[in-house]
Every structure is written in C-alpha cells, then in structure tokens.
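Peer 1: Heads up: the protein sequence lines correspond to chains A and B, in order. This note's numbering applies: residue 23 is where the first sequence begins, and numbers increase by one. This note's numbering applies: residue 23 is where the second sequence begins, and numbers increase by one. The beta-carbon is built from N, C-alpha and C at its ideal position, and this holds for glycine as well. What follows is a single structure, and I will ask about it in a moment.
Protein chains: 2
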Amino acid sequence: MRTVRIGEAAAAAGMTTKALRFYEQHGLLPPVHRGSNGYRDYPPEALARLQFIRRSKAAGLSLAEIRNILQIRDAGQAPCAHVAAQLAQQLTDLDQHIAELTALRASAAEHYQAASQGDPTQCDPAQICSYL
Amino acid sequence: MRTVRIGEAAAAAGMTTKALRFYEQHGLLPPVHRGSNGYRDYPPEALARLQFIRRSKAAGLSLAEIRNILQIRDAGQAPCAHVAAQLAQQLTDLDQHIAELTALRASAAEHYQAASQGDPTQCDPAQICSYL
DNA sequence: TGTGGCCTTCCACGGTAGAGGAAGGCTCCG
DNA sequence: CGGAGCCTTCCTCTACCGTGGAAGGCCACA
C-alpha cells in the first residue's frame, strides 16, 4: 500500500482536488503529511474517510454534520448514536420542507388555474397582473 | 393622495426600507422622484406595485421572475400569458424538487432504521460509521 | 532543454434576498 | 437649541459548497 498524491486520491474517491483541499481546510480531513516538495501525501486509509464523506453527502448530510460525526469517531467513540439522532433530525426537517413545498405547489396550481383561464383583456394594468 | 417617504411606503407594504432600496437597485422599482433633500418620494400608485411584488413572492416567484413580469407590464402589455407560463414552469420545478426530497427522505429513513437498530460495538472504526 | 502535467498558494465568484452598521444630513418637537 | 427618528450612501456579511483562475514550483519524458 503506497501513499498517493492529491490528484490520485481525489480521482479514487470521485472528487476533485479542489474539494479535498476544501475539506482539509474545513476540518473534515486532518492535515495530511507533506513530502519534501510540499505535496500532500495521502495514506491508503484516507480513501475510506473520503468515501464516508461521499456516502454521507449522498444521504443528505451537510458538511458540518459530517464533520461532527468524524470528530466523534476521531475522539475514539462510535458515532452511531449521534448519526441516528442526526438522521432523525433530518427526517423531521425533510418532512417540514416537503410540506412547505407541497403547500406552495398547491397555491401555485391555483394561481395557474386562474391565470390560464382568465382573460388578459380583463386584466387591470394598475394591479400589474390580476392573477397573482 | 399625497406622496410618501420610503419608511411609510415600506410600512404600508409590509416591507423594510432596505428591501425597497434593494428592489429599486435591482430593477423591480423604477427610479423614483427625489425631493429637494434627496429623499425618495413615492406616489400612491407605487403601493400597488409593492403589493404585487409581495403577492408574487408569496406565490414563490423569484425576484428575477417578478422583474420579468413587471417589465412586460411596463412595456404596455398584459403579462398574464407570461405569468401562466412562469407558473407552469414553477409547477414542474416544484414537482421535481418535491420528488427529489421525497426520495432523499426515503433513503434517510432507511439509514435511520439501520442506525437505530444497529449495535455500536459492531461498528468498524475504519469505516467511520457502518450505517452510512 | 523544453514542454506538458502535476502540485502549491491565495483571491474572487456564484446565487438568494436582503440584514447590519457606519458616517453623515434632514426635520420635527419641546 | 438639542435630541429622536427619519433619510442618504457605501461596505460588509449571511449560508452552502465548492469552482475558476493566476502565479509559480516540481518532475518526467523526448
């Protein structure tokens, strides 16, 4: 198992080099060893961490939430309970967000009905558009 | 009907003075007449425009979309047809957005099931968290 | 020796809709 | 006359997640 440079690590994780530097800068990746030329040198274990970040992002967690989870793991604890709590929170957030969008959709549909059935010549210019 | 200063116009429309200046700066409000002291002087008709902006925002239109509608009206045409098209577009956007969030919710729920039923002591530290 | 392809740093930008605040001018009321 | 409460402009900041580019260093191959 050899160490890899940032480009290879990024490609292996399906990310860009920019993203890796960004994660390091924002505490999702620990500062990594540099070679004599200043290049970052990623050990093979780093790939698992990158893939965890990938999976977490796909699950809809924010980088801040992912960082919290990583910090718990880095402190030597199993983050499972925290992960469960985070996911529970996310479920309620998502439910609320979906409910809001659904309500907005209903009101947009109403406006659309009015606007598509209305007569433009009946529209009062002073109101800009009577159907909104 | 007298002209009003920005604070009164904003209050009447349920907005802040900041918002009115912002709208003017971004082309939703035409440059308004200034008094001798440099203060903006809003005619009574301006209120209808502000209320239209309010209604449109409540309907979920972005400021850019509202600006387009206002420009059509300012060009002397009835924007109803454009409004209908805009709303139709918004309905499909909302439907897609809602579908995405619903799918994300389903996957988050699955992860949550796994994480809340799993055994933390079984979690492989190298994977950070097995349930994500 | 040159050229292409990595790597480094830092700075700016995007989109959304304003909020917050500083520095200074105006106006009204007591 | 003094102070409260308006108004003006201009600049910075918010949250999110990077992307794009410039200026320069390093390395391998032909």
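Please list the partners that Y153/A has in chain B, where partner means a Cβ-to-Cβ separation under 9 Å.
Peer 2: Near Y153/A (Cβ distances below 9 Å), the residues of chain B are C102, V105, A106, L109.
Peer 1: Measure from the alpha carbon of A148/A to the alpha carbon of each residue in T114/B, R76/B, D96/B, then state which is nearest.
Peer 2: Cα-wise, what sits closest to A148/A is D96/B.
Peer 1: Classify V18/B as helix, strand or coil using the three-state DSSP reduction.
Peer 2: For residue 18/B there is no data in the structure shown, the boundaries of chain B being 23 and 154.
Peer 1: Any beta carbon from chain A within less than 8 Å of G36/B's own beta carbon?
Peer 2: Cβ-Cβ to chain A under 8 Å: no for G36/B.
Peer 1: Have a look at the DSSP bridge pairing and note the partners of V26/B.
Peer 2: Beta-bridge pairing links V26/B to Y64/B.
Peer 1: Say whether chain A places a C-beta atom closer than 8 Å to the C-beta of L126/B.
Peer 2: True, the Cβ-Cβ gap to chain A drops below 8 Å.
Peer 1: Could you give the first and the last residue of the continuous alpha helix (DSSP H) run that contains C102/B?
Peer 2: Element bounds for C102/B: 102-139.
Peer 1: May I ask which residues mark the beginning and end of the alpha helix (DSSP H) holding L92/A?
Peer 2: Counting along the chain, the alpha helix (DSSP H) containing L92/A begins and ends at 85-96.
Peer 1: Who are the near neighbours of T25/A in its chain, counting only those whose CB is closer than 7 Å to its CB and skipping five residues on each side?
Peer 2: Within the same chain, T25/A has close Cβ partners D63, Y64, P65.
Peer 1: Are the region 70-88 of chain B and the region 96-116 of chain B touching, with three or more C-beta to C-beta distances below 8 Å?
Peer 2: Enough Cβ pairs lie closer than 8 Å, so yes.
Peer 1: Whose Cβ in chain A lies nearer than 7 Å to the Cβ of H133/B?
Peer 2: Chain A residues near H133/B: A81, L109.
Peer 1: Any idea what DSSP makes of T38/A, helix, strand or coil?
Peer 2: Here T38/A sits in coil by DSSP.
Peer 1: So, is S78/B buried or exposed, given that buried needs 16 or more other C-beta atoms within 10 angstroms?
Peer 2: Looking at its Cβ environment, which holds 16 or more other Cβ atoms inside 10 Å, S78/B is buried.
Peer 1: A125/A: which of V54/B, A68/B, A81/B sits nearest, CA to CA?
Peer 2: The residue with the shortest Cα to Cα distance from A125/A is A81/B.
Peer 1: Cβ of L51/B within 8 Å of Cβ of R71/B?
Peer 2: Yes, they are a contact pair.
Peer 1: To the nearest angstrom, report how far apart G29/B and T39/B are at their CA atoms.
Peer 2: Cα to Cα, G29/B sits roughly 6 Å from T39/B.
Peer 1: Within the 8 Å Cβ cut-off, does S84/A reach chain B?
Peer 2: Not closer than 8 Å to any Cβ of chain B, the Cβ of S84/A fails to qualify, so no.
Peer 1: Can you give the beta carbon distance from L42/A to A31/A, rounded, assuming they're within the 8 Å contact cut?
Peer 2: Indeed they touch by this definition, with Cβ atoms about 6 Å apart.
Peer 1: Using the rule of at least 16 other Cβ atoms within 10 Å of the residue's Cβ for burial, across every protein chain shown, is Q118/B buried or exposed?
Peer 2: That one is exposed.
Peer 1: Looking at P142/B: is its Cβ nearer than 8 Å to the Cβ of C102/A?
Peer 2: Closer than 8 Å, so yes.
Peer 1: With DSSP collapsed to three states, give me the class of I150/B.
Peer 2: Coil, per DSSP.
Peer 1: Closer than 7 Å by beta-carbon distance: list the chain B residues that pair up with R77/A, in chain order.
Peer 2: Going along chain B in sequence order, the residues near R77/A (Cβ under 7 Å) are L154.
Peer 1: For chain B, check one thing: does any of its Cβ atoms lie closer than 8 Å to the Cβ of H119/A?
Peer 2: Yes, its Cβ sits closer than 8 Å to a Cβ of chain B.
Peer 1: Which whole-angstrom value describes the C-beta separation of R76/A and G49/A, a residue pair presumed to lie in contact below a C-beta threshold of 8 Å?
Peer 2: Not confirmed; about 17 Å, so no contact.
Peer 1: Could you give the C-beta distance for L116/B and A130/A, rounded to a whole number, given that I count them as a contact under 8 Å?
Peer 2: About 7 Å; that satisfies the 8 Å criterion.
Peer 1: Looking only at its own chain, which residues have a Cβ that is under 8 Å from the Cβ of G140/B, when we skip the five neighbours before and after it?
Peer 2: If we look at G140/B and ignore the five residues flanking it on each side, its Cβ neighbours are S152, Y153.
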